[in-house]
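Asker:
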Amino acid sequence: MKKFTHAWLAFMAIKRLEETKLSNRDRRYANSLIKWFKSHKDGVAQGAWYPDSVIKDMANSHVLKFTPSAEVGNKFKRLPTTYLNYKYGKSSPVKKKGFTVDKNDNLPDRCESIAHSVIDHLKMQESEDKGSPVSPTDNQIALLLFMLSHYMADAHMPFHCDSRRFSEGVDIHGRMEGEWDDRIRRHYRIDEDNERFFYDPYGYPLRDLASDQQYQSSFLKTVDGVLRDRKFIMSWGAKNKNVWDFMSAICQHSYLLSYCLIPQQYDHTNITLVNWQSLGSISFEDLSVAIFADAIDSIARVWLRIWRRYVKWERKKRAKI
Ligand SMILES: [Zn+2]
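Taking the working numbering, the leading residue of the sequence shown gets 247, the next gets one more, and so forth.
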């Protein structure tokens, strides 16, 4: 995914937390995260792009690539039942097959480690006096959170979880991501000089009303509606216990989704710009809605759970004093 797609997804995750129904206790955690995010929002576009622009660990840490295998035995993890990739995954042509995972890839590990890092940094900051040489700054913590949203969003991109080489040939991987970024750039106002969105009065990306008519029939508008009607589930889904389990399940379902779009007999050698949208059982629009709605939900869930874990620790610590 591209720069403003990543930034937009991060903003929409916070918006999701602001608008969804939560228990009274989780609402308090969410509100403190939302407030914190809004005071760091100018850094979102740059921070959520950092893994591509500076870290550059794309080959192994932005991906977890699966290949169908004849051996059956490995099972797919489950996801929160509201997820669209979970729904589509059930009828994926490779659902009943076994799979192998490229052993060099580590996207779920990357997410788990950054999640720990965020909590560690918050704890260190809370424990140190102002000006302490080992105290992390708010900006450092914000950057880690924004980077985490990048890796999570990448896990939702089906081609990041499919060993077929869709960046080659006619590069439908690049074209698809380009199309998403174009749509966001078309429908939102971007302050290019300062590498950020212009904001609406609530602090979210400002929509460009000049293209409102197209927006009303765009997949971005559908994503908004889907999330408005979708219950927010705190759980990682079934037996998943942590960020690693959850992100592994996401990657598995991105792989299933990839085969819903591009069936098994196709790869970069026989995909054309004419046929790629009509080969499988899902349209590009429906696929985009699933990827974006689920990615926003995932970023919101992981961020909120990290934040909650830290605040609970902080409360306990204060109670002891
Ligand atoms: Zn990436």
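Backbone N, C-alpha and C define an ideal beta-carbon position, used for all residues, glycine too.
Note that the structure is predicted; figures quoted are calculated from it, not measured.
With ligand 1 as the reference, list in chain order each residue whose Cβ lies under 7 angstroms from any of its heavy atoms.
Answerer: Met247, Pro297, Asp298, Met304, His308, His396 and Asp400
Asker: May I ask you to list the residues that DSSP assigns as paired with Arg547?
Answerer: None, per the DSSP bridge assignment.
Asker: Closest to Arg324 by CA distance: which of Asp532, Gln498, Leu368 and Tyr445 is it?
Answerer: Gln498 is the residue among Asp532, Gln498, Leu368 and Tyr445 whose C-alpha sits nearest the C-alpha of Arg324.
Asker: DSSP three-state label for Phe312, please.
Answerer: strand
Asker: Taking the C-alpha atoms as reference points, what is the distance between Asp568 and Trp254?
Answerer: There is simply no residue 568 to check, as the chain begins at 247 and stops at 567 in what is shown.
Asker: Below 7 angstroms CB to CB, which residues in the same chain sit around Lys261 once its five sequence neighbours on both sides are set aside?
Answerer: Tyr450
Asker: Following the continuous beta strand (DSSP E) through Thr346, name the residue where it begins and the one where it ends.
Answerer: Gly344 to Val347
Asker: Could you check which residue in Ser534, Phe392, Ala401 and Asp288 has the C-alpha nearest to that of Asp351?
Answerer: Ala401
Asker: To the nearest angstrom, how far is it from the Cα of Pro314 to the Cα of Lys333?
Answerer: Each residue's Cα considered, the two are about 20 angstroms apart.
Asker: Using only CA atoms, which one of Asp437, Leu503 and Met422 lies nearest to Leu330?
Answerer: Leu503
Asker: So, do the stretch 350 to 370 and the stretch 512 to 520 have three or more beta carbon pairs nearer to each other than 8 angstroms?
Answerer: no
Asker: What's the C-alpha gap between Val489 and Asn277?
Answerer: 22 angstroms
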